Amino acid sequence: MDKEAFEFQFGNELTYTTMLSDQKEVELIPGGSHIPVKYEDRKEFIQLVQKARLQESKKQIAAIQAGLLKVVPHIVLTLLTWQELEKKICGDPEITIEALKRSIEYAGVEPNEKRVKYLWEALTNFTNEDRSRFLRFVTGRSRLPSSIVICHGRSEYDTR
């Protein structure tokens, strides 16, 4: 954008302020609400906006970090990438049938029962997204938990 287009677009209305995610307007420099941004200063203005927006959640991130460090030792966190940490805490987003079978615990029902075989057949035909939704329905989680218990429930359709 050239100087003429900048002045036409913003005139004196663009000041050294920005709106944060909580809809609160903050000054980027002291008295910024009364200082118009000039074409020559546009890059500085952009940097100030970026800094303000990136730092607005600093307190929340510090609180999350402090809580995480109470549960997971700092040395362990330094050994993991963010992807590995996410997988360990949240579970793997890729839900394979093999991984699902490894996490199943049967209670009051046998793995070779017809209804269990039907369940595995259905799950095999599901997409990963469908398996994720199934897990959400059954466990309240959309990723594979550490273990799932399949137990015998009573039903009027019980043909055991």
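Counted the way this note's numbering counts, the sequence shown spans residues 25 to 184.
Note that the Cβ used here is the ideal one computed from N, Cα and C, for glycine as well.
Owing to the predicted nature of the structure, the values given are computational and were not obtained by experimental measurement.
Under a three-way DSSP split, which group does residue i fall into?
i      : result
THR39  : strand
VAL133 : coil
SER171 : In this prediction, SER171 has a pLDDT of 48, which is less than 50 and means its spatial position is unreliable; nothing more can be read from the coordinates.
THR151 : coil
SER156 : helix
ARG139 : helix
Taking a contact to mean a Cβ-Cβ separation below 9 Å, would you say residue i touches residue j in this structure?
i      : j      : result
LEU147 : LEU168 : no
PHE32  : ARG66  : no
VAL50  : ALA90  : no
LEU52  : PHE34  : no
ARG61  : LEU78  : Note on identity: in this sequence residue 61 is Val, with Arg being the wrong assignment. Result no, Cβ atoms of VAL61 and LEU78 do not sit closer than 9 Å.
GLY115 : ARG165 : yes
LEU101 : LEU92  : yes
What residue range is occupied by the uninterrupted alpha helix (DSSP H) comprising residue i?
i     : result
ASP46 : From DSSP, ASP46 is part of no alpha helix (DSSP H); its letter is neither H nor E.
Could you pull the DSSP bridge partners for residue i from this structure?
i     : result
VAL50 : THR42
Counting only runs that start and end within the region 53-132, where is the alpha helix (DSSP H) found for 4 or more residues in a row? List check, alpha helix (DSSP H) in window: 66-79, 82-95, 98-103, 106-114, 121-126.
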